[in-house]
Structure formats: structure tokens, C-alpha cells
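Scroll down for the structure; my scribbles are underneath it.
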Amino acid sequence: MTTPARRQYLRIKSQYPDAILMYQVGDFYETFDEDARIAARELQIVLTSRKDGEDGRVPLAGVPLHALENYVGKLVQRGYKVAICDQVGEVGKGIVERAVTRILTAGTLSEPNLLPTRQNNYLVAIAPARAQTGLAAIDVSTGEFIVTWFAPAELPAALEAELQRLAPSECLVVEGSQSNSYQLPAATMTVTPCPSYFFDQEASHTRLCRLFGVQSLDAYGCAQAPQAIAAAGAIIAYLEKMNVALLSLLTGLRSYRTTNYMVLDAHTQRNLDLLQGSRSGTTQGSLLSVLDRTITPMGARQLRRTLTQPLLDLSQLEERFESVEELYESPALRSRFAICLQSLGDMERIVGRVRQGSAVPNEVVALRDYLTIIPRLRELLLGCDAQLLTKLAHELDQCPQVVELIGKSLARAHTADEQDDGERLIRAGFHAELDELIASIGESRRWIASLEAIERERTGIKSLKVGFNKVFGYYIEVRNTHLPSVPADYMRKQTLVNGERFITPELKEHEARILSATERIEEMERSIYADVLRQVSVYYPQLMTTAAAVARVDVLLCLAEVAAHQGYVRPRLEQSLDLEILGGRHPVVEYTLDGDVFIPNDTQLQGEQEEQGERIVLLTGPNMAGKSTYLRQVALITLLAQIGSFVPARRV
1446 MTTPARRQYL RIKSQYPDAI LMYQVGDFYE TFDEDARIAA RELQIVLTSR
1496 KDGEDGRVPL AGVPLHALEN YVGKLVQRGY KVAICDQVGE VGKGIVERAV
1546 TRILTAGTLS EPNLLPTRQN NYLVAIAPAR AQTGLAAIDV STGEFIVTWF
1596 APAELPAALE AELQRLAPSE CLVVEGSQSN SYQLPAATMT VTPCPSYFFD
1646 QEASHTRLCR LFGVQSLDAY GCAQAPQAIA AAGAIIAYLE KMNVALLSLL
1696 TGLRSYRTTN YMVLDAHTQR NLDLLQGSRS GTTQGSLLSV LDRTITPMGA
1746 RQLRRTLTQP LLDLSQLEER FESVEELYES PALRSRFAIC LQSLGDMERI
1796 VGRVRQGSAV PNEVVALRDY LTIIPRLREL LLGCDAQLLT KLAHELDQCP
1846 QVVELIGKSL ARAHTADEQD DGERLIRAGF HAELDELIAS IGESRRWIAS
1896 LEAIERERTG IKSLKVGFNK VFGYYIEVRN THLPSVPADY MRKQTLVNGE
1946 RFITPELKEH EARILSATER IEEMERSIYA DVLRQVSVYY PQLMTTAAAV
1996 ARVDVLLCLA EVAAHQGYVR PRLEQSLDLE ILGGRHPVVE YTLDGDVFIP
2046 NDTQLQGEQE EQGERIVLLT GPNMAGKSTY LRQVALITLL AQIGSFVPAR
2096 RV
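My numbering runs 1445 ahead of the 1-based position in the sequence shown.
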């Protein structure tokens, strides 16, 4: 017969047949059977076996508890789904109760060490139908949740272009569907088939309304896009199955149309090396590598979105040009903005983890520190003339209630000149009952600290020591030569080579008091800390709006820095089909030249037939003469102008 422990494992594993089950056994997470073979192969760890009843020897491979995140990250990056099964019951007699607490896939990661810092990690869902195809995307680390949809005439180009832009790590599709209307870039993401009921329109509508607490989706701009709703609903159903805590991040849904931006099909994005160099396979050699002087991680992610969604609205572009120009013309102002931004970390993802209840204390303290910078950043923005910069100032909210709460509650939120509360998590004075418990421990520890001197005096044993270790607790140690002098009330606890360790009734009583209070203190601190996270989460919308505004400021500052360092000029845009570039330069080639100078060239095209000017340029020349460089140069200069950036030219 199989052992009870084996039966428990098989029961849990049967619920997650498509996942690698990481099964906690003490200080290790173990995998068994085929999971163990996969883990050993993919993680390069030892594959061993364990005897287990009538099953004979069961394959086994394990990793230390403290290193779980690194190993799980490798499995997820290689397309595996991983279920984490933790010990949730008390260790004692019988089988320890265990349960799957989370399921990790490429698109549902929120752990900071497993995510790319400077780009989004999107999970997308595609809901195809004859009349319309819906696309939904979510980044669970930031709470961004967006939907769009495509008419049949737009397929497959528009959908493939959007997938190229989003670069999702995981894509949900209808199980068993054989769609020929689009092609998935499967080499760069995990494709996850899901049951068709995940994509049911009516069920999806109900899921979304229930999640957002509304009666209809009219306010979200997708009420007339049933397939977009179906795709969004599929994501919700998937997250409910994977990790329901992630749903707490979702406070709304944003609809957009790709037709509101300059169309960049997938081939164009690749051929222009917008985000990735064709030779390097990384950002090296890309337009992004030229532009990315952002300071914050959320600014870097915003720059990617800005670069792949060029604007068509002239008034929005002029707002950006005006902002970049003001920053461009004042190095001192740029420096002051940079100093502020350098003090800000990844607010966006920290706030997301606070909302999930998974943020660690150091992150919460960092959030408080970031918020103390916001008033200075707001002051700088309000001092600017550009309309967009002053508009962003009004989107910044320091959330003083959050700053005050974290400062009062967390002991690790003290400044250098304040008293350090040592290992305490909750600051003294924040919770009266907790303070009383800690004070009671202090009394017992002071008694124990004085015990050594008292016992030396009482016994006359000058070498007597009072010590502590995690296995045996507190003890009184006496060398063998002094054992005849040991008092009758000493109870033997441990025998050593050179002596004995004892405990007294009083020492045992104080030890029990300390251990009991310590356990209670840990429980109370966890509960208080969780409550602090819940209180901070009340300000989630304001905090995320602030983080988004900081990201946009970072991008504008970045574009101004690039313009200043690379000698770019402000382009002049107008509602005509004419294109004039004087002294144009290829931004990427120029950036990569080591000491050489890119030779500028001109481009003049007329949108209407006139006596002066041309509508078409027929470009000829031998191989390697620079034809493709010239073509890409014109495209990139045009693209830069359409995102609100200055451009590499003498005049445009």
C-alpha cells in the first residue's frame, strides 16, 4: 500500500495535472514522478528516488525553500506552469496539512525578482469570431487592464502588430480552436489553451460587472464590443483559477482602438528595430537603446509604450513638443528633475504588491520615502510654462495619510537620528497590547541576563555560564570539574564532553514566558502589518495615478536629454502631405558610430503634384551603398516626430 504522505501528494497532484507541483516538505520543496524528471532536467539538479510502499521507488528532485523563487522563475520562463503547495497546518503528529497557495505562469508573475524591470509583463487573451476579434491584455504587476477589437478587414495585420507591440509572455486561446486569421509569435511566448466557456460572452460580461461592482460596461467603452468583453472575461476566469489575489489589482478596464495611433505593422516594427536590434536580439542596436535615458523603471516601461503608439493628434503632439522644448532649453531644470526622479523607485509595482498583500516591509518603507519626494516634483512641474507639465503636476498626490500611517506603524521607517527598534516590525507606541507583550519579554530577558552573576555567587562556580541555542533553549553550563558543586534544584538538560548543561524551574518558567510571548508577538505583528497594507490599499487609485504621472514626466525628461546630447531639433508638423527633412541623420547608426560622423542628407517630398518638388523618389545604387539606411532614416525621423520627440536633423 502507498503511505499516507504519498496519498496526500497524489490527491493534490490530481487537481493540477498540467502543472509542476512544488510540494513543501520542511525546508525543501520537492517534486515527484514525471515532475521530478522535468525539474532535474530543466534546473540541472540531482534526480534521486525514495522508497514508498507498493509504488516502489519514486523519482524525487528538490530545491531549498529559500531558493524557490529562482528555480520557479527558470521553469516559468521555459513555459511550464508551476503550482506551489505549502504546509498550511501545524507540524506535529500525523500528516501536515498542505494546500496549493498559488499557481505561477509566464503571464501571472508578480514576484519582483522574476519580472523584467524595464518592460511590462503582459498576459493576453484572443477571442476570435466571424464579425469581430477581441484582444485583452493585463500586466498583473501593475494592474493595467486593457482591451481592443478588430474588424475582419483589419485582420491579420492589426492583431499581429498589436501582439508584436505588447510582446506578451503568455497568450490565452480557445482550446481546440484552429484559427487561420492570425499568426501567434509562439517562439516568444507561452500559448495556453483554455476552455471555451472562459470566452463565453454572457459569462464574461457577468464576471466583469461583478468584479467592478457595476450593472453595465458602458463606462469602460467596450459595451458594443462583445469579443473584447469575451477576451477580458477569459483573463478574469484564468486569474480566478491561477491566483485569485491578483484580482484585487483590477479597479477598471481601459478600451482603446489601434486606429487612434500611427499604424505600425509587425514587419515594420521589426524592420525598423524599434525595440530590438535585428542582429543582437536585445535592445542593443534598437531605437529604444538610443532613446532610453529614463531614470525610473515605470518611466522605462512608459517609453516603450510611447515608442510603439505614435500619436495622430496634432494638438497632443504640440503639447509634448512644448514640454520637451522647455526641458531641453534649461539644463539646470533637467538636473533638478533628474535629482527628484533618482530618488524614486518602482512605485507602480510596489503599490501593486501592497494591493495584493504581498509587499515586504522594506518595500512599504520605500513607498513612504518615494511619496515624500512627490511635493518637490510637483513644485518643479508647477513652475513650468508647458501646459502638459503643469497638467501632470495636478495628477501627483503625495497621499499624506499614507506617509503618516507608514511612519507611525513600521519600526523600519525610522530616520538615521531616530532610535532603532532593533528587530521589531511594528513601531513602539503604535499598538498598546503588542507593546505590553514586548515589555514582558524584556523583563524576562533582563532576569536571565542577571542570572549568570547570581548563580556564580550562589554556587561559587566562577566558570558557570548561562547560554541559549535554538535546539535546547536557555541553559546553565557547568564544567565537569565543578559538577559536585551543582545545587539540587539544577535539572540536567544536556551532556557535553567537558561538562553538563542544566535548567532550573525559574529559568524554565522565564523561557516558556519568552517563547509564548514571542510566538504571540509574531502573530500580532503579522496581523497588524496586514492591516497596514489594507489601509494603504485604500489609496490605490491615487497612488497608481501618481506613479503613471511620474512615468510620463520621466519620458519627457528622457526625450529632452536625448535631444540635448544628440543635437536633435524640434520638428514642425502641419496638416499636409509634404515631407521636408534637411540635414537628416539615422538616429541608431549615428549613435553607434565610434568617433565617426554620420553624413547628413536631405529628403523633400511633395504631397500634391506641383511644378517644384517630387511625390516619389526612385532610390538606386550598388549594394551596401546605404539605400536601406536612408529609407529607415526617413521612417525613424518621421516616427520620432509622431511620438513628440525632437529629431536628428538640421530642420524638419
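Backbone N, C-alpha and C fix where the C-beta goes; we use that ideal spot for every residue, glycine too.
In the DSSP assignment, find the unbroken alpha helix (DSSP H) run with residue i in it and report its ends.
| i | result |
| --- | --- |
| V1541 | Looking at the DSSP string, V1541 is not in any alpha helix (DSSP H), and its letter there is neither H nor E. |
| M1467 | Where M1467 is concerned, there is no enclosing alpha helix (DSSP H), although the beta strand (DSSP E) it sits in stretches over 1465-1470. |
| I1906 | From DSSP, I1906 is part of no alpha helix (DSSP H); its letter is neither H nor E. |
| L1425 | Nothing can be reported for residue 1425: it is not among the residues displayed for the chain, which extend from 1446 to 2097. |
| R1456 | 1449-1459 |
| S1961 | 1950-1982 |
Go through its chain and collect everything with a Cβ distance to residue i's Cβ below 7 Å, but skip five positions before and after it.
| i | result |
| --- | --- |
| K1910 | E1897, E1922 |
| E1770 | R2015 |
| G1666 | S1700 |
| Q1721 | T1727, T1728, S1731 |
| A2094 | V2014, I2026, L2027, G2028, G2029, R2030, I2082 |
| C1829 | E1771, T1835 |
| R1724 | G1730 |
So what does residue i bridge to, in DSSP terms?
| i | result |
| --- | --- |
| T1593 | L1580 |
| D2047 | According to DSSP, D2047 bridges with nothing at all. |
| T1940 | E1945 |
| C1616 | V1569, V1636 |
| D1531 | A1544 |
| Y1706 | L1756 |
| Q1747 | Answer by DSSP bridge pairing: none, since Q1747 is not bridged. |
| A1397 | Outside the shown range of the chain, which is 1446 to 2097, sits residue 1397, and nothing can be said about it. |
| Y1920 | G1912 |
| V2092 | V2014 |
| T1696 | Paired residue(s): none; T1696 is not in a bridge. |
| I1871 | L1855 |
| L1549 | V1527 |
Between which residues of its own chain and residue i is the CB-CB distance below 6 Å, once the five residues before and five after are set aside?
| i | result |
| --- | --- |
| L2085 | V2092 |
| W1594 | Q1577, G1579, A1670, Q1672, A1673 |
| A1582 | Y1567, V1569, I1591, L1611 |
| K1496 | R1502 |
| D1842 | Q1987, T1991 |
| L1692 | L1684 |
If we ignore side chains and look at the alpha-carbon of each, how far apart do residue i and residue j end up?
| i | j | result |
| --- | --- | --- |
| T1635 | D1478 | 24 Å |
| A1570 | Y1683 | 10 Å |
| A1606 | L1580 | 12 Å |
| E1599 | L1759 | 24 Å |
| L1789 | Y1815 | 5 Å |
| G1874 | P1820 | 28 Å |
| E1615 | T1550 | 8 Å |
| A1838 | T1990 | 11 Å |
| E1685 | T1493 | 35 Å |
| R1452 | D1472 | 21 Å |
| Q1761 | S1649 | 34 Å |
| L1435 | R1746 | Missing from the structure shown is residue 1435; the chain here goes from 1446 to 2097 and no further. |
| P1932 | E1968 | 38 Å |
| T1926 | S1908 | 10 Å |
| G2040 | N1716 | 26 Å |
| R1749 | R2017 | 24 Å |
| I1681 | E1589 | 13 Å |
| V1533 | A1544 | 7 Å |
| I1893 | E1951 | 10 Å |
| S1809 | A1664 | Reading off the sequence shown, one finds Val at residue 1809, where the question assumed Ser. Rounded to whole angstroms, V1809 to A1664 spans 33 Å at the Cα level. |
| Q2051 | S2021 | 9 Å |
| S1895 | P1929 | 23 Å |
| P1504 | L1510 | 19 Å |
| R1937 | I1966 | 30 Å |
| N1705 | A1512 | 46 Å |
Among the residues of its own chain, which have a CB less than 8 Å from the CB of residue i, if the five just before and after it don't count?
| i | result |
| --- | --- |
| E1863 | The predicted model places E1863 with a pLDDT of 44, which falls under 50 and marks its position as unreliable, so this point remains unresolved. |
| C1654 | Q1660, S1661, L1662 |
| L1455 | T1447 |
| Q1846 | Y1984 |
| A1861 | Here A1861 scores only 39 on pLDDT, less than 50, and its place in the model is too uncertain to base an answer on. |
Terminal residues of the continuous beta strand (DSSP E) containing residue i?
| i | result |
| --- | --- |
| S1788 | No beta strand (DSSP E) contains S1788, which DSSP labels as neither H nor E. |
| K1496 | 1493-1496 |
How about residue i: is its C-beta nearer than 7 Å to some C-beta of chain C?
| i | result |
| --- | --- |
| R1890 | Any reference to chain C falls outside this structure, which holds one protein chain only. |
Spell out a yes or no on whether the stretch 1512-1528 and the stretch 1462-1471 are touching, meaning 3 or more CB-CB pairs, one atom from each, closer than 8 Å. yes
Tell me whether the stretch 1777-1797 and the stretch 1535-1544 touch, counting them as touching only if at least three CB pairs, one residue from each stretch, are closer than 8 Å. no
Stretch-stretch touch, CB-based, cutoff 8 Å, three pairs: the stretch 1961-1981 with the stretch 1900-1909: no
Whether or not the stretch 1950-1970 and the stretch 1796-1806 are in contact is what I'm after, with contact meaning three or more pairs of Cβ atoms, one per stretch, closer than 8 Å; do they touch? no
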